[in-house]
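For the record, in the sequence shown the residue sitting at position 226 is 226 according to UniProt numbering, with numbers rising by one throughout.
For glycine and all other residues, C-beta sits at the position ideal for the given N, C-alpha and C.
Computed from a predicted model, the values in this text were never measured in an experiment.
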Amino acid sequence: MLGSAVLRLATPPRAAASAAAKNISLVDGSLRAVLHPGADDADSAAAGCSHKWRMVIAYDGTKFKGWQYQPSPPTIQCFLEKALIRITKLDRKELCLVGAGRTDTGVHARGQVAHFTTSFAYHCLDSFHSAINGLLPPDIRVREISAACPEFHARTSTKSKIYHYKIYNEAEAANHFVGVHDFTSFANAVHNDRVRSPIKKISRFDVTKMDAIIQLEVEGTGFLYRQVRNMVALVIQVGREGLPPEIVPTIIAAKDRKELAKVALSAPPHGLYLMSVNYDKEILKPPVGSPPVSFGRTHQISRCKLLFY
1 MLGSAVLRLA TPPRAAASAA AKNISLVDGS LRAVLHPGAD DADSAAAGCS HKWRMVIAYD
61 GTKFKGWQYQ PSPPTIQCFL EKALIRITKL DRKELCLVGA GRTDTGVHAR GQVAHFTTSF
121 AYHCLDSFHS AINGLLPPDI RVREISAACP EFHARTSTKS KIYHYKIYNE AEAANHFVGV
181 HDFTSFANAV HNDRVRSPIK KISRFDVTKM DAIIQLEVEG TGFLYRQVRN MVALVIQVGR
241 EGLPPEIVPT IIAAKDRKEL AKVALSAPPH GLYLMSVNYD KEILKPPVGS PPVSFGRTHQ
301 ISRCKLLFY
C-alpha cells in the first residue's frame, strides 16, 4: 500500500477528545496524523499560520498543454494539484501552488520549481514524497521536496533560469544575445492581463556540439513568452541559411516581432527543456526545525518514463 501523509479515520467523540490530548488535528471529521510535533505547532496552526514547501519537478511535456492550470486538456500543474489535494485534503485555494516558469505545450523540464502551502507541518517528507509520485503519471516526477522559508516564492525569488534546446543542425551567433536587451522582437503575444517588462538580462548563451546534436544553453534572469524558442529559431537560421550573425542585434534593436518573422519562425517545443531555476542561498534556507529534504525513493524510478530523471 502506498504511504500517505494523511490518515482518514472515523472520529467518535471519545476519539476526538483523545486526539486533542495527543495534539493530532481534527479537520472535517478526519484525523491528521504526522502533523504537529509539539505545542508550538499547535499554537501556530490555531493562529492561522501556514507552512511553505518547495518542490523540484521533472516532466516530459509531450502529452501536456504546458504547466499552467486548466482543467481540460490536462496540464502539469493540474496533475500536481490533484495529487496534493488527494493527499492533504486541502483545496486549490489553500494549497496555492505556484510554479517558477509557465512552460509551453510540449516543453519539458528537469528542474522546474514550485511551492505550495499547508496549514500543518510534517515530521518526515519521505512518505509524503512517495505518495505524490505514486499518484502522478509516469512522465511527471517530483524530484525533491523541502521545507521553505515564508519569504520564498518560486517565481518572484528566482535569480536565474537555465534552458537547454537540443537540435540536429549547426548554429552560431548566440553571443549577440548576451547582455541586457529589450527582447520585444522575440516575444509572442500573450493572451492574458499580465504585463511583463521586455528588458531581460541574458548572462550566457552557449552552443555545444555533441556528436549529431547541437545543444544550446541559455541562462537569464527571466524570459518572455516563447522568447527562448524564438532566439533558438534565429540562431538555427544563421547556421542553416548562412544569415550574417549581425542580424541578431539588428532584430533586437527593431523591437518589432514582425522583423523576426521575416527570417525565422518559432522553434518547435519538443526540443526545449527547463533545466534549472536558481535562487540566492539565503532564500533557500528552511525554517529552523524543518524535516530533512526528501530526494525520493529509488524504487519508484522503475515506473518513471523520464530518460533524464
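Applying the criterion that 16 or more other CB atoms from any shown protein chain within 10 Å of the CB defines a buried residue, is Gly111 buried or exposed?
In the sequence shown, residue 111 corresponds to position 111, counting from 1. Label assigned to Gly111: buried.
What is the residue span of the beta strand (DSSP E) that Gly220 lies within?
On the sequence shown, position 220 is the one that residue 220 refers to. Note, Gly220: beta strand (DSSP E), Ile213 to Gly220.
Given this structure, state the Cα-to-Cα distance separating Lys201 from Ser290, to the nearest angstrom.
One-based indexing of the sequence shown puts residue 201 at position 201. One-based indexing of the sequence shown puts residue 290 at position 290. Distance between the alpha carbons of Lys201 and Ser290 is about 35 Å.
Given a cut-off of 9 Å, decide if Phe205 and Asn175 are closer than it, judged by their beta-carbon atoms.
Counting from 1 along the sequence shown, the entry for residue 175 is found at position 175. Counting from 1 along the sequence shown, the entry for residue 205 is found at position 205. For Asn175 and Phe205, yes; Cβs fall inside 9 Å.
Cutoff 8 Å; reference Leu136; Cβ partners in own chain excluding five residues on either side
As a working note, residue 136 is residue 136 in the sequence shown. The residues are Phe79, Leu80, Ala83 and Val142.
Within the UniProt domain "Pseudouridine synthase I TruA alpha/beta" (173–280), ranges of the beta strand (DSSP E) (whole runs, at least 3 residues):
Complete beta strand (DSSP E) runs here, min 3: 179–182, 199–210, 213–220 and 272–278.
Rounded straight-line distance, which links the Cα of Leu274 to that of Thr103
In the sequence shown, counting from the first residue as 1, residue 103 sits at position 103. In the sequence shown, counting from the first residue as 1, residue 274 sits at position 274. Using only the alpha carbons, I get a separation of about 8 Å.
Run through DSSP, which three-state label would Phe295 get?
Within the sequence shown, residue 295 is the residue found at index 295, counting from 1. In the structure shown, Phe295 sits in coil (DSSP, three-state: anything other than H, G, I, E or B).
State the beta-bridge partners of Val113 as determined by DSSP.
The count along the sequence shown starts at 1 and reaches residue 113 at position 113. Its beta-bridge partners are Val56.
Starting from Ile76, trace the alpha helix (DSSP H) in both directions and tell me its first and last residue.
Here residue 76 corresponds to residue number 76 of the sequence shown, with the count starting at 1. Looking at the DSSP string, the run of the alpha helix (DSSP H) that includes Ile76 is Ile76 to Thr88.
Count the other CB atoms, across all protein chains shown, that sit within 10 Å of the CB of His123; report buried if there are 16 or more and exposed otherwise.
Taking the first residue of the sequence shown as 1, we reach residue 123 at position 123. Exposed.
With DSSP run on the structure shown, which of helix, strand or coil describes Lys65?
Start at 1 with the first residue of the sequence shown, and residue 65 comes out as number 65. Reduced to three states, the DSSP call for Lys65 is coil.
Inter-residue Cα distance where the pair is Ala33 and Ala189:
Along the sequence shown, one-based indexing puts residue 33 at 33. Along the sequence shown, one-based indexing puts residue 189 at 189. For Ala33, the predicted structure reports a pLDDT of 36, less than 50, and the residue's modelled location is therefore unreliable. A value from the coordinates is still provided. Taking the straight line joining both Cα atoms gives about 47 Å.
Touching by the beta-carbon criterion (3+ pairs, under 8 Å), the region 143–158 and the region 276–284:
yes
Grouping DSSP H, G and I as helix and E and B as strand, with all else coil, what is Ser130?
Counting from 1 along the sequence shown, the entry for residue 130 is found at position 130. It is helical.
In angstroms, rounded to a whole number, what distance separates the CA positions of Ile76 and Gly66?
The residue you call residue 76 lines up with position 76 of the sequence shown. The residue you call residue 66 lines up with position 66 of the sequence shown. Answer to the nearest angstrom: the Cα atoms are 6 Å apart.
DSSP three-state label for Arg102, please.
To locate residue 102, count along the sequence shown from 1; it is residue 102. Looking at Arg102 - three-state DSSP - the assignment turns out to be coil, as it is neither helix nor strand.
In terms of residues, what are the limits of the alpha helix (DSSP H) holding Glu94?
The residue you call residue 94 lines up with position 94 of the sequence shown. Taken as a continuous stretch (DSSP letters only), the alpha helix (DSSP H) holding Glu94 covers Arg92 to Leu95.
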